[in-house]
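J.: Input: one structure, supplied below.
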Amino acid sequence: DAKTTQPPSMDCAEGRAANLPCNHSTISGNEYVYWYRQIHSQGPQYIIHGLKNNETNEMASLIITEDRKSSTLILPHATLRDTAVYYCIVRVVGGAQKLVFGQGTRLTINP
Amino acid sequence: ETGVTQTPRHLVMGMTNKKSLKCEQHLGHNAMYWYKQSAKKPLELMFVYNFKEQTENNSVPSRFSPECPNSSHLFLHLHTLQPEDSALYLCASSQERAGGPWVTQYFGPGTRLTVL
């Protein structure tokens, strides 16, 4: 599975958009980009995933560059409850989903 | 509430004890996972069960012994652990289907294990 690179930490003001970048320059054509987050002392929570096109759901938007070498997770109106560690994972299709978590980005939402 | 429950939520045990962690999923999924999260380390996959069959053992020491009696239940039996095994142990489940990309894993809240 392709390796991902994320900044170790970010801060964002409450009510503003939080943009979390992820580099995955070695991604291959059949690998999807997944985002999970982990709020302190809880299990990780799925947020969104995508292959090529930008995706949006009730939690976030995912913007994938045309060359697919990087992506950005956007939380449009961050709240204090969005403070968490965010993980960007790339994963091939098929088989049991062996998610490989990196260090992620610790996002702190400030009041 | 993700539909995946874990008990106990906290466990303190001595190195000579034998204990078991339990995970139950109420989602009708066919795959279950054990992960370990040590302090300041990324989550590490330990075991994968697909349709009750173990399909992945990520070089986990034999003092950790998984059991999957049915597709809804997963256990992790612990014996003669070391203090460095203290960690958050997370269970997850997913519905696997061939060729399907939009498979997400649902995680339980974890068991915080302390080995004295």
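Chains as they are written, first to last, in the working numbering: chain L, 1 to 111; chain E, 1 to 116. Just so you know, even glycine gets a beta-carbon here, dropped at the ideal spot from N, CA and C.
Which residues in the same chain as E/Phe75 place their Cβ atom closer than 8 Å to its Cβ, once the five residues preceding and following it in sequence are excluded?
T.: By one-based count along the second sequence, residue 75 of chain E stands at place 75. Only Ser20, Leu21, Lys22, Cys23, Pro66, Glu67, Cys68 and Pro69 meet the Cβ criterion.
J.: Going along the chain, which residues of the segment 33-55 of chain E sit with their C-beta nearer than 7 Å to a C-beta in chain L?
T.: Within the segment 33-55 of chain E, the qualifying residues are Pro42, Leu43, Leu45, Val48, Asn50 and Thr55.
J.: Using the beta-carbon count (16 or more within 10 Å), is L/Leu80 buried or exposed?
T.: As a working mapping, residue 80 of chain L is identified with position 80 in the first sequence. Looking at its Cβ environment, which holds fewer than 16 other Cβ atoms inside 10 Å, L/Leu80 is exposed.
J.: Please classify L/Arg37: is it buried, with 16 or more other beta-carbons within 10 angstroms of its beta-carbon, or exposed?
T.: Taking the first residue of the first sequence as 1, we reach residue 37 of chain L at position 37. Label assigned to L/Arg37: buried.
J.: Measure from the C-beta of L/Tyr52 to each C-beta in chain E and report whether the shortest distance is under 7 Å.
T.: Looking up residue 52 of chain L in the first sequence gives position 52. Strictly speaking, residue 52 of chain L in this sequence is Lys, with Tyr absent from that position. It does not; no Cβ of chain E falls within 7 Å.
J.: Please state whether the Cβ-Cβ distance between L/Gly102 and E/Pro42 is less than 7 Å.
T.: Walking along the first sequence from the start, residue 102 of chain L turns up at place 102. Walking along the second sequence from the start, residue 42 of chain E turns up at place 42. A contact, by the Cβ cut-off of 7 Å.
J.: Mapping the DSSP letters down to three states, classify L/Arg81 as helix, strand or coil.
T.: As a working mapping, residue 81 of chain L is identified with position 81 in the first sequence. The answer is helix: DSSP assigns L/Arg81 an H, G or I state.
J.: Shorter than 7 Å from the beta carbon of E/Pro109 to some beta carbon of chain L?
T.: Stepping through the second sequence from its first residue, residue 109 of chain E is reached at position 109. Cβ-Cβ to chain L under 7 Å: yes for E/Pro109.
J.: Near L/His77, what residues of its chain come up, given a Cβ to Cβ distance below 8 Å and the 5 sequence neighbours on each side ignored?
T.: The residue given as residue 77 of chain L occupies position 77 in the first sequence. Result list for L/His77: Gly15, Arg16 and Ala17, in chain order.
J.: Restricting to runs no shorter than 3 residues, where is the beta strand (DSSP E) found entirely within the segment 65-95 of chain E?
T.: Qualifying beta strand (DSSP E) stretches, in chain order: 73-79 and 87-94.
J.: Below 8 Å on C-beta distance, what does E/Leu78 contact in chain L?
T.: The sequence position of residue 78 of chain E within the second sequence is 78, counting from 1. Under the 8 Å cutoff, chain L gives no residues; its nearest Cβ is about 19 Å from E/Leu78.
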